[in-house]
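Shown next, in C-alpha cells, is the structure this report addresses.
Protein chains: 2
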Amino acid sequence: MEVKKIFLPESELPRQWYNIMADMPTPMEPPLHPGTGKPVGPDDLSPIFPMPLIEQEVTSQRFIDIPEEVIEKYLIWRPTPLYRAYGLEKHLKTPARIYFKNEGVSPAGSHKPNTSVPQAYYNKISGTKKITTETGAGQWGSALSMACAFFGIECKVFMVKISFNQKPYRRLMMETWGANCVASPSTETKAGQSILAENPDSPGSLGIAISEAVEAAVMDPDTKYALGSVLNHVMLHQTVNGLECIKQMAIAGDYPDVIIGCAGGGSNFAGMAFPFLRDKIHGKQIDVIAVEPASCPTMTRGPFAYDFGDTVQMTPLLPMHTLGHSFVPAPIHAGGLRYHGMAPLVSQLIMSGLIRPESVQQLETFKAGITFARTEGFISAPETNHAIAMTIREALKAKEEGKEKVILVNWSGHGLVDMAAYEAFMRGKLADHALPDEEIRRALADIAPLPKPKQYNPGKF
Amino acid sequence: MEVKKIFLPESELPRQWYNIMADMPTPMEPPLHPGTGKPVGPDDLSPIFPMPLIEQEVTSQRFIDIPEEVIEKYLIWRPTPLYRAYGLEKHLKTPARIYFKNEGVSPAGSHKPNTSVPQAYYNKISGTKKITTETGAGQWGSALSMACAFFGIECKVFMVKISFNQKPYRRLMMETWGANCVASPSTETKAGQSILAENPDSPGSLGIAISEAVEAAVMDPDTKYALGSVLNHVMLHQTVNGLECIKQMAIAGDYPDVIIGCAGGGSNFAGMAFPFLRDKIHGKQIDVIAVEPASCPTMTRGPFAYDFGDTVQMTPLLPMHTLGHSFVPAPIHAGGLRYHGMAPLVSQLIMSGLIRPESVQQLETFKAGITFARTEGFISAPETNHAIAMTIREALKAKEEGKEKVILVNWSGHGLVDMAAYEAFMRGKLADHALPDEEIRRALADIAPLPKPKQYNPGKF
C-alpha cells in the first residue's frame with residue numbers, strides 16, 4: 157500500500173530557522189517611526205518587544221539557531237506529518253500529486269504555536285512577566301495562551317468583539333490555558349475607549365485590537381506585546397514548517413511545481429514558502445501562490461505602500477501591501493484572513509515577482525473545504541479553505557493540461573472551533589462579495605504607494 | 157534530547173485485530189432474545205447488522221484480518237503517536253514514567269473512527285444504503301458520519317437532545333461530512349413519539365436514541381444500524397490501538413505496570429487494554445484500571461446482570477454491568493460517559509478480576525484536564541479527563557511509594573468541541589455528585605444479577 161503520511165523522526169526536526177532576508181533580491185525598506193518619519197531603531201521597539209526578538213526582526217543572518225527550550229516544546233507536535241491527498245486526487249480524477257502539510261496537529265489546532273512558543277520563550281528569558289496580544293478568529297490568541305502556560309507568563313488577549321461573541325470556544329481554550337481574554341474594543345485602554353465613544357456597537361477589528369494590546373504593553377514595564385503574524389521574526393519562526401517540508405518532499409521523491417498557502421498576515425504562507433523560495437531565487441521553477449479572500453484583497457488590489465499596522469496609528473509604518481489601516485471587511489465575509497495589511501517580506505517578494513497573489517470568493521472556499529472533508533476526512537479552518545480552493549483549481553488545470561504536476565499546500569489548521577462559519581455556508585447565509593473600487597479608493601486616500609522594487613530575474617540571483 | 161513521541165511507520169500498522177474472546181478465562185454468557193428469553197442467533201440480528209459484523213460479534217477466532225480498504229482509511233490518522241508526558245511528570249515531581257496514546261489526531265478528534273470506518277466498510281460490501289445511529293456527546297455520530305462519507309453511504313444520527321442543543325459544533329461536523337442529524341427524542345419514530353407523549357420536554361438519553369436508531373433501521377431493508385460501543389465487534393475494532401501500543405512500548409523499552417482508560421460503553425478502554433490483558437491472562441502483572449464517573453457508576457455500583465441496551469427494550473438482553481435501562485445521570489454531570497450499561501466483555505473481565513473499575517468525581521476530572529492542558533498542551537475531552545485524573549492519582553501514589561512505575565493511559569480524544577463543559581467548570585457551575593443508594597435500588601428493581609463467573613487466577617491460564 158502506498159504511503160499516506162510522511163513523518164520525520166524527532167531527530168530530524170530543524171535545529172535552525174531560515175531567514176529569507178539573507179536572500180532577498182532587493183533590500184527591505186525599513187519600518188518608519190510614525191512621529192519622525194525616520195527608520196525605527198531597537199530603542200523604539202524595546203518598550204513592546206524583548207531584545208532577542210528585536211534582533212531577529214532586523215538581522216540578515218541566513219540561519220538562526222532554535223533554542224533547546226523551544227525545541228523541547230516544538231516536539232509536542234512537530235515535526236508535523238506531510239500527507240498525500242489520495243482521496244482528493246481520486247475524487248478530482250487529476251494526474252496531479254497533491255501533498256498537504258498537516259499543521260492542525262498542534263494542541264491549538266493551527267500553525268500559530270510555531271511562533272507563539274519562541275516568542276513566549278524569548279520573553280521569559282528577557283524577564284517579561286506578562287504578554288498582551290490581539291486575536292481575530294482566535295487561533296493566535298489560543299496559541300499564545302498555550303505558550304505562556306508552558307513558560308509561566310501571564311497572558312492577556314484582546315479578541316475582536318464580533319469573534320469574541322461568535323466564538324466562545326476559542327475564548328474558553330485561552331482560559332483553559334490560563335489566559336485572560338476580553339472583547340475589543342474594551343474599556344481597559346484609551347484606544348478602546350475612543351473607539352467606543354465614537355461607536356458603542358463597534359464589532360471591533362484586528363487593527364483596533366492591536367492598538368489596545370500595544371497600548372496595554374507600553375503602559376507597564378514588565379509587560380510586552382506579541383504579534384502573531386506580519387513581522388519578520390514571526391515569518392522566521394514559521395519557516396520550521398517549510399524546512400521540514402523540504403526534507404519530507406525529498407523522502408517522497410518529489411519536488412513541488414506549485415506551492416499554495418492562504419495569507420491573512422502572511423505567516424503560515426511564508427513558513428511553508430520561504431525555504432522553497434530560496435531555491436527559486438537560485439533558479440528553481442516553482443509557482444508560489446498566496447491566496448486571499450476577494451472581500452479582503454490586500455495583495456491583489458492594495459498598493460505596496462507605507463502604512464500603519466493598527467487602526468489608531470500607534471505602530472511603526474510598515475512597507476507592505478495594504479487596504480488602508482482603517483479597512484474593515486464586509487460583515488458577510490466569514491472566512492477569516494481579515495487583516496488590512498500583509499507581511500512586508502511577503503509584500504516585497506510579491507513586488508519582486510517571486511510570489512503570485514490570487515484572490516478567491518468565499519462560496520468557492522467553503523465548497524472546497526467540504527469536498528476536502530468528505531475525501532480526506534479533515535475539516536479545515538475557513539482560512540485554510542482558501543488554500544484548498546486554489547489547490548483544486550490547480551489540480552483541475554493539471555488535468556486539463558494532462559500534466560503530472562506536484563502541488564504542495566499548507567494545511568494551516570483545522571476548523572473544529574469554527575463550525576459556525578460552515579453553518580452559515582450550509583444554511584445558504586453566505587454570498588460572494590467583491591470589494592467595490594470606490595471603497596478601496598476611499599480607504600487608501602492618504603496612502604502613497606512606494607516605488608516598485610527590482611523585479612525578480614531568475615538569471616540574475 | 158529525549159524522545160517525546162513514538163511513531164510507528166505505516167508499514168507497522170497492525171494488519172489484524174485482536175479478539176479477546178479467544179482468551180476469556182470463562183466463556184461469555186450469550187445475549188438473549190427479549191421475547192423468547194433464548195440466545196439470539198444471526199437471524200435475529202440480521203435486520204439491524206450486516207452479516208460480516210454479526211460474524212465478528214460471535215467468533216472466537218483470536219486474530220481477524222483488517223481489510224485493505226479499511227487499512228487505507230486508517231492510514232489517514234493511524235498509527236497514532238504514543239507520547240511521553242514529560243511536562244506532566246515534571247509538574248507532579250513523580251518518579252513514574254507516564255505514556256499517553258494520542259487518539260485525538262483522527263479527523264473526528266477521538267478513537268471512534270477505529271470502528272466507524274470498518275463498520276461503514278462492512279455495510280458497504282453488504283449492500284447497505286443507509287446507516288442509522290445514536291450519539292450522546294457527538295463523538296460517535298461525527299465519526300460515523302465521516303466513515304459514511306468515505307464509503308458513500310447515507311447516514312442518519314439521532315443525537316441526545318440536550319447535547320444537540322448544547323453542542324451545535326458536533327452536529328455541524330456531522331453535516332459537513334454529509335450526515336443528517338436530528339434531536340432525540342424525535343417525532344420520526346414510534347419510540348421517540350411515545351417518550352415525547354409522556355414528557356414533551358424530555359432531554360433525551362442514549363438509551364432513547366438507541367431505540368430510535370434501531371427502530372429506523374428495522375423499518376427499512378436497505379438501512380442498517382451501527383453502535384459505537386458496548387458490542388464485541390466494536391471492542392474488536394478498537395484493539396488496533398492497543399496492538400500499536402504494544403509495539404510502541406517495546407520501542408520505548410518499557411512495559412506498563414498500570415494501564416488506564418475511561419469507560420462509558422467501554423470501547424476506548426478495551427481497545428487499549430485487551431491486547432495487554434492477553435499478556436495478563438498469561439501471567440504478566442499489570443494493574444488495568446477502567447475509570448467511570450461517580451454520577452454514572454455502572455461498573456463500581458451496578459450489578460452484573462442481563463439488561464436491555466436501550467430504554468424501550470428493543471435490543472437483546474446483554475450480560476453486563478448495568479444501572480438499569482431507564483437510568484439517566486443527574487443533569488449536573490458534565491463529563492460524558494453517561495451510558496447505563498457496560499460492554500459485556502469489559503463487564504465479564506471485571507467479574508473475573510482482570511480489570512479494576514474505579515469511579516471519580518467530576519471536579520477532580522476537570523482539574524486534571526486543566527493541569528494536563530497547561531503542562532502537555534492538549535485539551536482533553538471531558539471523558540478523557542477521567543483517565544487523566546486516575547493517572548495523576550497513580551503518579552502521585554508512585555511518588556509516595558518512591559516507585560518508578562510505568563503508567564500507560566489512553567488519551568481518547570480532544571475536547572475542542574466540548575469547551576462548554578470546561579466553561580461550566582471554570583465558572584464554578586459544577587459540583588461533585590454521587591448517586592444515592594435508593595436511586596440505584598429503584599433503577600434496578602426488576603434486574604436480577606447473574607451468577608459470578610470464575611475468578612481470574614494467574615496461575616491457572
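First to last, the sequence lines map onto chains A and B.
With this note's numbering applied, the first sequence closes on residue 617, and no number is skipped along the way.
With this note's numbering applied, the second sequence closes on residue 617, and no number is skipped along the way.
Note that CB positions come from ideal geometry on N, CA and C, so glycine has one too.
Only a predicted model underlies this, so the values are computations on that prediction, with no experimental measurement involved.
Ignore the nearest five residues each way along the sequence and tell me which others in glutamine 322(B)'s own chain have a CB closer than 7 Å to its CB.
On the second sequence, position 166 is the one that residue 322(B) refers to. Closer than 7 Å at the Cβ level, and outside the excluded window around glutamine 322(B), lie Ala576.
So, does the region 159 to 174 of chain A touch the region 232 to 240 of chain A, judging by three or more C-beta pairs under 8 Å?
yes
Give a yes or no on whether the minimum CB-CB distance between alanine 305(A) and chain B is below 7 Å.
Taking the first residue of the first sequence as 1, we reach residue 305(A) at position 149. Yes, because at least one Cβ of chain B sits closer than 7 Å to the Cβ of alanine 305(A).
Let me know the beta strand (DSSP E) ranges lying completely inside the region 246 to 322 of chain A, each 3 residues or longer, listed in chain order.
253 to 258, 286 to 291 and 310 to 316
Taking C-beta pairs closer than 9 Å, name the residues in chain A that tryptophan 333(B) reaches, listed in chain order.
Here residue 333(B) is taken as the residue at index 177 of the second sequence, counted from 1. What tryptophan 333(B) touches in chain A: Ile526, Ala529, Arg530, Gly533 and Ile535.
Between threonine 291(B) and methionine 329(B), how many whole angstroms is the CB-CB distance? I'm expecting something under 8 Å.
Stepping through the second sequence from its first residue, residue 291(B) is reached at position 135. Stepping through the second sequence from its first residue, residue 329(B) is reached at position 173. Their Cβ separation, rounded to whole angstroms, is 11 Å, which puts threonine 291(B) and methionine 329(B) out of contact at 8 Å.
4-residue-minimum alpha helix (DSSP H) runs that sit fully inside the region 400 to 471 of chain B, ordered along the chain
Runs of the alpha helix (DSSP H) lying entirely within the region 400 to 471 of chain B and spanning at least 4 residues, in chain order: 423 to 437 and 454 to 457.
Looking only at its chain, what residues have a beta carbon closer than 7 Å to the beta carbon of asparagine 258(B), apart from the 5 residues adjacent to it on each side?
In the second sequence, counting from the first residue as 1, residue 258(B) sits at position 102. Taking asparagine 258(B) as the centre and dropping the five residues before and after it, the same chain places the C-beta of Thr236, Pro237, Tyr239 and Trp567 closer than 7 Å to its C-beta, in chain order.
Please report the distance separating the alpha-carbon of alanine 604(A) from that of glutamine 504(A).
In the first sequence, residue 604(A) corresponds to position 448, counting from 1. In the first sequence, residue 504(A) corresponds to position 348, counting from 1. Taking the straight line joining both Cα atoms gives about 16 Å.
List the residues of chain A that leucine 328(B) touches, going by C-beta distances under 7 Å, in chain order.
As a working mapping, residue 328(B) is identified with position 172 in the second sequence. The contacting residues are Met575, Tyr578 and Glu579.
Take tyrosine 411(A) and list the residues in its own chain whose beta-carbon comes closer than 7 Å to its own, dropping the five residues that flank it on each side.
In the first sequence, residue 411(A) corresponds to position 255, counting from 1. These residues qualify, in order along the chain: Met405 and Val562.
Measuring straight from C-alpha to C-alpha, what distance separates isoleucine 366(A) and methionine 375(A)?
For the purposes of this step, residue 366(A) is taken as residue 210 along the first sequence, with counting starting at 1. For the purposes of this step, residue 375(A) is taken as residue 219 along the first sequence, with counting starting at 1. Approximately 14 Å between the Cα atoms of the pair.
Can you tell me which residues form a DSSP beta bridge with valine 516(A)?
Start at 1 with the first residue of the first sequence, and residue 516(A) comes out as number 360. BP columns for valine 516(A) point to Pro449(A).
If I measure Cβ to Cβ from leucine 510(A) and keep anything under 8 Å in the same chain, skipping five residues before and after, which residues do I get?
Taking the first sequence and counting its residues from 1, one reaches residue 510(A) at position 354. Counting only Cβ-Cβ distances below 8 Å, and skipping sequence neighbours, we find Pro181, Leu433, Lys436, Ile437, Val444 and Tyr612.
Excluding five sequence neighbours on each side, which residues of the same chain lie with their C-beta closer than 8 Å to the C-beta of histidine 489(A)?
What you label residue 489(A) is simply residue 333 of the first sequence in a count that begins at 1. Correct list, in chain order: Pro449, Ser451, Cys452, Gln518 and His589.
Determine the direct distance from the alpha carbon of aspartate 179(A) to that of lysine 616(A), and round the result to whole angstroms.
For the purposes of this step, residue 616(A) is taken as residue 460 along the first sequence, with counting starting at 1. For the purposes of this step, residue 179(A) is taken as residue 23 along the first sequence, with counting starting at 1. Unreliable placement is indicated for lysine 616(A), whose pLDDT of 45 sits below 50; the coordinate value is still reported in the next sentence. When rounded, the distance between both Cα atoms is 12 Å.
Select from Leu606(B), Ala335(B), Trp333(B) and Glu354(B) the residue whose C-alpha is nearest the C-alpha of threonine 343(B).
As a working note, residue 343(B) is residue 187 in the second sequence. Selected option, being the one with the closest Cα: Glu354(B).
Given leucine 231(A) as reference, the closest of Glu166(A), Lys268(A) and Asp593(A) once Cα atoms are compared:
Within the first sequence, residue 231(A) is the residue found at index 75, counting from 1. Out of Glu166(A), Lys268(A) and Asp593(A), Glu166(A) has the C-alpha closest to the C-alpha of leucine 231(A).
Are there 16 or more other CB atoms within 10 angstroms of the CB of isoleucine 281(B), so buried, or fewer, so exposed?
By 1-based counting over the second sequence, the position of residue 281(B) is 125. Under this definition isoleucine 281(B) is an exposed residue.
For the beta strand (DSSP E) holding leucine 564(B), just list the boundary residues, first then last.
Working through the second sequence from its first residue, we reach residue 564(B) at position 408. First-last of the beta strand (DSSP E) with leucine 564(B): 562 to 567.
Give a yes or no on whether the minimum CB-CB distance between glutamate 166(A) and chain B is below 7 Å.
The residue given as residue 166(A) occupies position 10 in the first sequence. For glutamate 166(A), the answer is yes, since a Cβ of chain B falls inside 7 Å of its Cβ.
Determine the extent of the beta strand (DSSP E) in which isoleucine 548(B) is found, giving its start and end residues.
The residue given as residue 548(B) occupies position 392 in the second sequence. For isoleucine 548(B), no beta strand (DSSP E) encloses it; the enclosing alpha helix (DSSP H) starts and ends at 538 to 557.
Determine the burial state of glutamate 532(A): buried for a count of at least 16 other Cβ atoms within 10 Å of its Cβ, exposed for fewer.
Reading the first sequence from its first residue, position 376 is the one you call residue 532(A). Classification for glutamate 532(A): buried.
Exposed unless 16 or more other CB atoms sit within 10 angstroms - verdict on arginine 327(A):
Indexing the first sequence from 1 puts residue 327(A) at position 171. Buried.
Quick check: the region 546 to 557 of chain A against the region 299 to 308 of chain B, are at least 3 beta-carbon pairs closer than 8 Å?
no
Measuring only between beta-carbons, confirm whether proline 263(A) sits less than 7 Å from chain B.
Indexing the first sequence from 1 puts residue 263(A) at position 107. Yes, its Cβ sits closer than 7 Å to a Cβ of chain B.
Local conformation of glycine 615(B) per DSSP, three classes:
Locating residue 615(B) in the second sequence gives position 459, counting from the first residue. Confidence at glycine 615(B) is low in this model, with a pLDDT of 49, below 50, so its placement is unreliable and the value that follows should be read with caution. Glycine 615(B) falls in the coil class under three-state DSSP.
Under DSSP, the alpha helix (DSSP H) around glutamine 504(A) begins and ends at which residues?
By 1-based counting over the first sequence, the position of residue 504(A) is 348. It spans 500 to 507 - the alpha helix (DSSP H) in which glutamine 504(A) sits, taken as one unbroken run.
Bridge-paired residues (DSSP) for serine 340(A)
Stepping through the first sequence from its first residue, residue 340(A) is reached at position 184. DSSP lists Val316(A) as partners of serine 340(A).
In whole angstroms, give me the CA-to-CA distance for glycine 569(B) and proline 431(B).
Position 413 of the second sequence, counted from the first residue, corresponds to residue 569(B). Position 275 of the second sequence, counted from the first residue, corresponds to residue 431(B). Going by the C-alpha atoms only, they are around 20 Å apart.
Along the chain, where does the beta strand (DSSP E) containing arginine 240(A) start, and where does it finish?
Translated into positions along the first sequence, residue 240(A) becomes position 84. Run containing arginine 240(A): 238 to 240, per the beta strand (DSSP E) assignment.
Should tyrosine 278(A) and glutamate 225(A) be called a contact, given that it needs their Cβ atoms to be closer than 7 Å?
Walking along the first sequence from the start, residue 278(A) turns up at place 122. Walking along the first sequence from the start, residue 225(A) turns up at place 69. Contact: no.
Taking only beta-carbon positions, decide if lysine 561(A) is within less than 7 Å of chain B.
The count along the first sequence starts at 1 and reaches residue 561(A) at position 405. No, no contact with chain B.
Amino acids of chain B, ordered along the chain, whose beta-carbon sits closer than 8 Å to that of leucine 238(A)
Residue mapping note: residue 238(A) aligns to position 82 of the first sequence, counting from 1. Per Cβ cutoff of 8 Å: no residues; leucine 238(A) is ~13 Å from chain B at best.
Where DSSP assigns a beta bridge to isoleucine 220(A), which residues make up the other side?
For the purposes of this step, residue 220(A) is taken as residue 64 along the first sequence, with counting starting at 1. The partner list for isoleucine 220(A) (beta bridge, DSSP) reads Trp173(A).
Looking only at C-alpha atoms, which of Thr540(B), Cys337(B) and Asn388(B) sits nearest to leucine 368(B)?
Counting from 1 along the second sequence, the entry for residue 368(B) is found at position 212. Rather than leucine, the amino acid found at residue 368(B) in this sequence is glutamate. Measuring from the Cα of glutamate 368(B), the nearest candidate turns out to be Cys337(B).
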